[in-house]
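Chemist: Heads up: the sequence shown begins at 407 in this note's numbering, then just goes up one per residue. All C-beta atoms, glycine included, are put in the ideal place defined by N, C-alpha and C.
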Amino acid sequence: MSEATTEAGEATTEQGAARRGERADAARNRRAILRATEELLAECGAEHVSLDRVAAAAGVGKGTVFRRFGSRTGLFQALLADRAARLREAIDEEAAPLGTDGAPCERLLAFLDALADIAEHHLSLIAAHERACGEDKFDDPTYRGWHAHVSALVRELRPGLDAEFVAHMLLAAFDGELVRRLTADGDWTRFRRSVRDLADLLVGQGK
Numbered sequence: 407m408s409e410a411t412t413e414a415g416e417a418t419t420e421q422g423a424a425r426r427g428e429r430a431d432a433a434r435n436r437r438a439i440l441r442a443t444e445e446l447l448a449e450c451g452a453e454h455v456s457l458d459r460v461a462a463a464a465g466v467g468k469g470t471v472f473r474r475f476g477s478r479t480g481l482f483q484a485l486l487a488d489r490a491a492r493l494r495e496a497i498d499e500e501a502a503p504l505g506t507d508g509a510p511c512e513r514l515l516a517f518l519d520a521l522a523d524i525a526e527h528h529l530s531l532i533a534a535h536e537r538a539c540g541e542d543k544f545d546d547p548t549y550r551g552w553h554a555h556v557s558a559l560v561r562e563l564r565p566g567l568d569a570e571f572v573a574h575m576l577l578a579a580f581d582g583e584l585v586r587r588l589t590a591d592g593d594w595t596r597f598r599r600s601v602r603d604l605a606d607l608l609v610g611q612g613k
């Protein structure tokens with residue numbers, strides 16, 4: 407092997423290692439930024455979450471936050487997507503009740519229960535996400551994914567219904583400010599039961 411070939415191979419190896427290092431740094435920064443966003447949201451409220459404050463809390467430059475997320479809205483969208491990632495994975499797996507092995511009714515109720523879990527643990531995030539997105543909430547990737555999943559299940563259960571409309575109605579039950587009001591007494595069991603009752607009212611078999 408020639409000296410030039412050896413040097414070229416070493417350079418390629420070094421470049422590959424550098425790229426892997428950059429990817430690892432980017433992943434670390436992303437985790438730090440999302441963690442800082444969540445902590446500021448919990449401690450100070452959504453109105454005090456800014457790119458400057460998130461950058462300072464995460465220990466990165468404001469430009470890093472801006473390039474990765476673009477805006478406060480982008481931060482909240484990314485954080486919600488991150489916190490809902492496990493639900494997204496479970497939907498695509500086979501295991502019941504959420505996965506493809508479950509019956510449509512079972513999958514729908516399990517999905518609504520899972521959304522209630524997310525709402526219980528991340529209610530401030532859901533409310534902040536909705537306020538930041540405004541009318542664009544329905545185009546948010548996480549919402550679109552949830553809506554597509556619920557629509558598909560409704561379509562299986564009740565082919566005669568407008569599945570897209572019914573899916574919007576079911577997801578409307580998870581409006582952040584509405585959920586905050588309904589669970590002000592801490593009774594999440596009542597909320598979960600009521601959402602299930604709504605699903606039964608809208609898509610219950612034989613009704």
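For the candidate residues 608, 578, 535 and 584, whose alpha-carbon lies nearest to that of residue 568?
Modeler: Among 608, 578, 535 and 584, the Cα nearest to that of residue 568 belongs to 608.
Chemist: Can you name the start and end residues of the alpha helix (DSSP H) that residue 512 belongs to?
Modeler: 510-527 is the extent of the alpha helix (DSSP H) around residue 512.
Chemist: Once DSSP output is grouped into helix, strand and coil, what is the label at residue 580?
Modeler: If DSSP states are grouped into helix, strand and coil, residue 580 belongs with coil.
Chemist: Return helix, strand or coil for residue 488, following the three-state DSSP convention.
Modeler: Three-state DSSP puts residue 488 in a helix.
Chemist: By alpha-carbon positions, which one of 538, 434, 487 and 554 ends up nearest to residue 479?
Modeler: That would be 538, whose Cα lies nearest to the Cα of residue 479.
Chemist: Given a cut-off of 8 Å on the beta-carbon distance, is the pair residue 510 and residue 562 in contact?
Modeler: Contact: yes.
Chemist: Which runs of the alpha helix (DSSP H), 4 residues or longer, sit entirely within the region 549-596?
Modeler: Runs of the alpha helix (DSSP H) inside the region 549-596: 569-578 and 582-588.
Chemist: At which residues does the alpha helix (DSSP H) containing residue 476 begin and terminate?
Modeler: Here residue 476 belongs to no alpha helix (DSSP H), and DSSP marks it neither H nor E.
Chemist: What number of angstroms, rounded off, separates the C-alpha of residue 417 from the C-alpha of residue 469?
Modeler: Only weak support exists for where residue 417 lies, its pLDDT of 48 falling under 50; the coordinates are left without a value.
Chemist: Got a sec, what are the start and stop residues for the alpha helix (DSSP H) residue 458 sits in?
Modeler: Looking at the DSSP string, the run of the alpha helix (DSSP H) that includes residue 458 is 457-464.
Chemist: If you compare alpha carbons, which of 430, 577 and 457 is closest to residue 443?
Modeler: Checking every option, the nearest Cα to that of residue 443 belongs to 457.
Chemist: Assuming residue 526 contacts residue 594 under a Cβ cut-off of 8 Å, what Cβ separation, rounded to an integer in Å, is found between them?
Modeler: Sure, about 5 Å apart at Cβ, within 8 Å.
Chemist: Check whether the Cβ atoms of residue 535 and residue 489 lie closer than 8 Å to each other.
Modeler: For residue 535 and residue 489, no; Cβs fall outside 8 Å.
Chemist: State the DSSP-derived secondary structure class of residue 453, mapped to helix, strand or coil.
Modeler: If DSSP states are grouped into helix, strand and coil, residue 453 belongs with the helices.
Chemist: Report all residues from its chain with a CB closer than 6 Å to the CB of residue 588; omit the five preceding and five following residues, and keep chain order.
Modeler: Correct list, in chain order: 597.
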